[in-house]
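**Q** First the structure, then my questions, so here it is.
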Amino acid sequence: MKIISLLFALAFILINPFTLLAQHEHHQMPMQKKDTAKAVTNPAAKKSTPNITNKAVRSDSLTDRFDAPNWVMLMASRKVNKRGLFSFSLMLSADELVMGENGYPLLFQSGETYNNKPLVDRQHPHDFISGLSVAYTHMFNKDIDLTAYLGYPGEPAIGPPAFMHRISSINNPDAPLGHHWQDATHITFGVATLGFRYKIMKFEFSNFTGREPGEDRYNFDKPRFNSWAYRFSVNPTDNFAIQFSQAFIKSPEALEPEENITRTTASVLQWKI
Ligand SMILES: [Cu+2]
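The sequence shown begins at 336 in our numbering and counts up one residue at a time.
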């Protein structure tokens, strides 16, 4: 296949020494020690103080405190006849290689597991192959086109673009705290989406695998195609994107396989560079 345009959308490894430093200072703060001492000497406080700390975050191991989320994305597209566009995308992440199997420290973050326990105050590493997809768009006229998309893994039509594709991640590559609830579906092993665009509006419908990626970040999880989603978006100007979406996700969490989730999201993105 002749690739006529090859685009590196994001190609960086971001190491954030300030986060490391902040974690370190926090750990060393004398105030912290004083508070802990108080809590221990006052039995009432001891009983009522919930354990909101995460051992892993406060551990002295340097690897547990290392924060360097990273990803690289490759996109290629090719015109097919006069009205078609074929595109391919690949997204790779060396999160696990760089930061280990339990990801990086992120206060109040949750989502996915490490050694079959929920991750708390940490962001899980992303899969080595975080995206591998093909899409075909057929233009009927300048106002109307139809897109078919297949991803393994890929991103179903739920929510705003995942945080790593948002412009805000250029300055802050750490996952936002809403990641697990809002756009965690961006790595889904098995997605098929149909999208219909009319002028500035787009309607998409996805069939996908509900289960989130497993702890093995180097494999391809089993495709199940047991969940559904739709998204309605409007892009009124070049720097405004509005969407409303709903997803019916079957058994997303490995630790709570009986639970299904209906996720409803609405977002407005505005950017300026
Ligand atoms: Cu993610």
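Using N, Cα and C, we set each Cβ at its ideal position, and we do this for glycine too.
Below 6 Å CB to CB, which residues in the same chain sit around MET499 once its five sequence neighbours on both sides are set aside?
**A** Mapped onto the sequence shown, residue 499 falls at position 164. So the qualifying residues of the chain are TRP406.
**Q** Have a look at the DSSP bridge pairing and note the partners of PRO440.
**A** Reading the sequence shown from its first residue, position 105 is the one you call residue 440. Partner(s): ARG457.
**Q** Based on the DSSP secondary-structure assignment, which residues constitute the bridge partners of GLY419?
**A** Here the question's residue 419 lines up with position 84 in the sequence shown. Looking at the DSSP assignment, GLY419 forms a beta bridge with VAL415, HIS473.
**Q** Measure the Cβ-Cβ separation of LYS534 and ASP480 and say whether it is below 7 Å.
**A** What you label residue 534 is simply residue 199 of the sequence shown in a count that begins at 1. What you label residue 480 is simply residue 145 of the sequence shown in a count that begins at 1. Taking 7 Å as the Cβ cut-off, LYS534 and ASP480 do not qualify as a contacting pair.
**Q** How many Å lie between VAL460 and ARG552 at the Cα?
**A** The residue given as residue 460 occupies position 125 in the sequence shown. The residue given as residue 552 occupies position 217 in the sequence shown. A quick correction: the sequence has Pro, not Val, at residue 460. When rounded, the distance between both Cα atoms is 8 Å.
**Q** According to DSSP, which residues form a beta bridge with TYR484?
**A** Residue mapping note: residue 484 aligns to position 149 of the sequence shown, counting from 1. BP columns for TYR484 point to ALA470, THR528.
**Q** Could you have a look at ASN386 and say whether DSSP puts it in helix, strand or coil?
**A** Within the sequence shown, numbered from 1, the residue matching residue 386 stands at position 51. Low per-residue confidence applies at ASN386: pLDDT is 47, beneath 50, and the placement is therefore not dependable, though the value from the model is reported in the following sentence. DSSP places ASN386 in coil when its eight states are reduced to three.
**Q** In the structure shown, what three-state DSSP assignment does HIS362 receive?
**A** As a position in the sequence shown, residue 362 is number 27, starting the count at 1. Unreliable placement is indicated for HIS362, whose pLDDT of 39 sits below 50; the coordinate value is still reported in the next sentence. The answer is helix: DSSP assigns HIS362 an H, G or I state.
**Q** Quick check on SER503 - is its C-beta less than 7 Å from some C-beta in chain B?
**A** The structure shown contains no chain B; it is built from a single protein chain.
**Q** Could you name each continuous beta strand (DSSP E) segment of 3 residues or more that falls completely within the region 519-581, going from the start of the chain to the end?
**A** Here the runs fully enclosed are 526-533, 536-543, 562-569.
**Q** Count the other C-beta atoms from every protein chain shown that fall within 10 angstroms of the C-beta of ASN437, then say buried if there are 16 or more, exposed otherwise.
**A** For this step, residue 437 is matched to residue 102 along the sequence shown. Buried, since its Cβ has 16 or more Cβ neighbours within 10 Å.
**Q** So, are the CB atoms of GLU539 and THR523 less than 7 Å apart?
**A** What you label residue 539 is simply residue 204 of the sequence shown in a count that begins at 1. What you label residue 523 is simply residue 188 of the sequence shown in a count that begins at 1. Not closer than 7 Å, so no.
**Q** Looking at the structure shown, is TRP406 part of a helix, part of a strand, or coil, going by DSSP?
**A** The residue you call residue 406 lines up with position 71 of the sequence shown. Three-state DSSP puts TRP406 in a strand.
**Q** With C-beta atoms as the reference, is PRO548 less than 7 Å away from ASP462?
**A** Residue mapping note: residue 548 aligns to position 213 of the sequence shown, counting from 1. Residue mapping note: residue 462 aligns to position 127 of the sequence shown, counting from 1. For PRO548 and ASP462, yes; Cβs fall inside 7 Å.
**Q** Using a Cβ-Cβ cut-off of 6 Å (strictly less than) and excluding sequence neighbours within five positions of VAL569, which residues of its own chain qualify?
**A** Along the sequence shown, one-based indexing puts residue 569 at 234. These residues qualify, in order along the chain: ILE535, MET536, ILE577.
**Q** Using beta-carbon positions only, say whether PHE579 and ALA601 come within less than 7 Å of one another.
**A** As a first step, residue 579 must be located in the sequence shown, where it is residue number 244. As a first step, residue 601 must be located in the sequence shown, where it is residue number 266. Their beta carbons are under 7 Å apart, which means PHE579 touches ALA601 by this criterion.
**Q** When you compare only the Cα positions, how much space is there between ASP456 and LEU441?
**A** Position 121 of the sequence shown holds residue 456. Position 106 of the sequence shown holds residue 441. Cα-Cα distance, rounded: 5 Å.
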